[in-house]
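Asker: One structure, as structure tokens, below. Some questions next.
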Amino acid sequence: MAINQSIFIEKSVGKNGINQPLDVEVIKKQLNGQMPLSNDRLVINGTCDPNTVDTIIDFQKSVLGFRQPDGRIDPDGKTLLALNDPASQAKWANNSNQAIQNQWAGDSSKWPQTKKLQSLNPAFSVKVQNVISALTQRGFQPKIFFGWRSVAVQQELFKKGRSKVRFSFHNAQKPDGTPNAYAADIIDKRWAWNKAAETNGFWAALGEEAKKQGLVWGGDWTGFKDVAHIQGRQNSELTKTKQESGL
Ligand SMILES: [Zn+2]
């Protein structure tokens, strides 16, 4: 989708704008034509809803580099000029990809627990939280060590023999690069991978609680047992998962 003609508006559109319905409608169409493929399209009507304002703000930040975007498009302003410029589409797409990469850069094992949970596929994340609650109720101190991790980190683990695959369910992402992992490594923060985790029954309890949620537990695998690892999909779905990730 791209824009094919310049639009004009009579009055301002957006935050604190006049928002005449016809003006709002043409702005929304133009925003839809310019926005990155991964963004949700605005519903075309004459209402300037919060999504419209957020999208204008995103455009002003990403394409115009405004540090303090006002979320408003004026008939003779810079934002409308940029919105009518066909080159804005590529710029918005590139900068939004870059923003996603920056947001998820760095050592994902050091992220706070909330960010690790956010890096999981949403339905899987709910089940992981259920496992963590159940283990906590049983007196353990569970935490996620790895949720999502990058393919580059995966390659390192593969080379060191700590993972058997070059692409794992930990690497799953949306096509725009947003993490969407189907695997998490859960440890007890007192013991991590020390022998005590086993003697205190942590791994067995993790396996039990994971399976109650319909998850796969790496401790059930033959040969290479990955006791901290739980995943929301079967191993047979790995190729599909890789394709869905655009990798
Ligand atoms: Zn794992």
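The working numbering numbers the first residue of the sequence shown as 23 and each following residue consecutively.
Idealized CB from N, CA, C, for every residue including glycine.
1. Between the Cα of W126 and those of S172, N152 and Q163, spot the shortest distance and give me the residue it belongs to.
2. Answer yes or no: do V48 and N67 have a C-beta to C-beta separation smaller than 9 angstroms?
3. Rounded to whole angstroms, what is the Cα-Cα separation between S84 and N216?
4. For I209 and A194, I'd like the C-alpha separation in whole angstroms.
5. Counting only C-beta atoms, is N152 closer than 9 angstroms to chain B at any point?
6. Within a Cβ cutoff of 6 angstroms, which residues of the same chain sit near I154, ignoring the five residues on either side of it in sequence?
7. Got a sec? Which residues, its chain only, sit under 6 angstroms from A156 by beta carbon, not counting five neighbours each side?
8. Using DSSP with H/G/I as helix, E/B as strand and the rest coil, what is V238?
9. Alpha carbon to alpha carbon, how far is R94 from I122?
10. If you draw a straight line from the alpha carbon of P197 to that of N119, how long is it in whole angstroms?
11. Name the one or two DSSP bridge partners that F168 has.
12. Is the CB-CB distance between F81 and L53 below 9 angstroms?
13. Can you grab the Cα-Cα spacing for the pair L59 / A109, in whole Å?
14. Shorter than 8 angstroms, the distance from the beta carbon of G168 to the closest heavy atom of ligand 1, or not?
15. Determine whether the beta carbon atoms of K138 and G169 lie at a separation below 9 angstroms.
16. I'd like the span of the beta strand (DSSP E) that includes Q253, first residue to last.
17. So is K132 buried or exposed if we call it buried at 16+ other beta carbons inside 10 Å?
18. Quick one: is Q56 buried, meaning 16 or more other Cβ sit within 10 Å of its Cβ, or exposed?
19. Please state whether the Cβ-Cβ distance between V238 and G223 is less than 9 angstroms.
20. Residue range of the alpha helix (DSSP H) that S311 falls in?
21. Hey, L105 and I166: beta-carbon distance below 9 angstroms or not?
22. Go ahead and label N124 buried or exposed: buried means 16 or more other beta carbons lie within 10 angstroms of its beta carbon, across all protein chains shown.
23. Assuming contact is defined by CB atoms lying nearer than 9 angstroms, are L260 and V187 in contact in what I supplied?
24. Quick check: is any heavy atom of ligand 1 less than 8 angstroms from the C-beta of G254?
25. Quick check: does the Cβ of T214 come within less than 8 angstroms of any heavy atom belonging to ligand 1?
Answerer: Quick look at the numbers:
1. Check the Cα spacing between W126 and each of S172, N152 and Q163: the tightest is with S172.
2. Taking 9 angstroms as the cut-off, the Cβ atoms of V48 and N67 do not count as close.
3. Rounded to whole angstroms, S84 to N216 spans 46 angstroms at the Cα level.
4. Between I209 and A194, the C-alpha separation is close to 21 angstroms.
5. The structure shown has no chain B; it contains just one protein chain.
6. Only P164 meet the Cβ criterion.
7. Close CB contacts of A156 within its chain, under the 6 angstroms cut and outside five residues either way in sequence, are with E231 (chain order).
8. Strand at V238.
9. Computed Cα separation, rounded: 24 angstroms.
10. Those two C-alpha atoms are separated by around 10 angstroms.
11. DSSP output for F168 lists D207 as bridge partner(s).
12. Between F81 and L53, the gap from beta carbon to beta carbon is short of 9 angstroms.
13. Spanning the two alpha carbons is a distance of roughly 15 angstroms.
14. In the sequence as presented, Gly is not what sits at residue 168; that position holds Phe. Checking every heavy atom of ligand 1 against the Cβ of F168, one is found closer than 8 angstroms.
15. Yes, Cβ-Cβ distance for K138 and G169 is below 9 angstroms.
16. That run of the beta strand (DSSP E) goes H251 to Q253.
17. Around the beta carbon of K132, fewer than 16 other beta carbons sit within 10 angstroms, so the residue counts as exposed.
18. When all chains shown are included, Q56 counts as buried.
19. Result no, Cβ atoms of V238 and G223 do not sit closer than 9 angstroms.
20. The shown model of the chain, from 23 to 269, leaves out residue 311, and the question about it has no answer.
21. Cβ atoms of L105 and I166: not closer than 9 angstroms.
22. N124 comes out exposed.
23. It is a contact, given that the beta carbons lie within the stated cut-off.
24. No, the beta carbon of G254 sits no closer than 8 angstroms to any heavy atom of ligand 1.
25. First, the residue type needs correcting, since residue 214 is Ala and not Thr in the sequence shown. Not so, every heavy atom of ligand 1 lies at least 8 angstroms from the Cβ.
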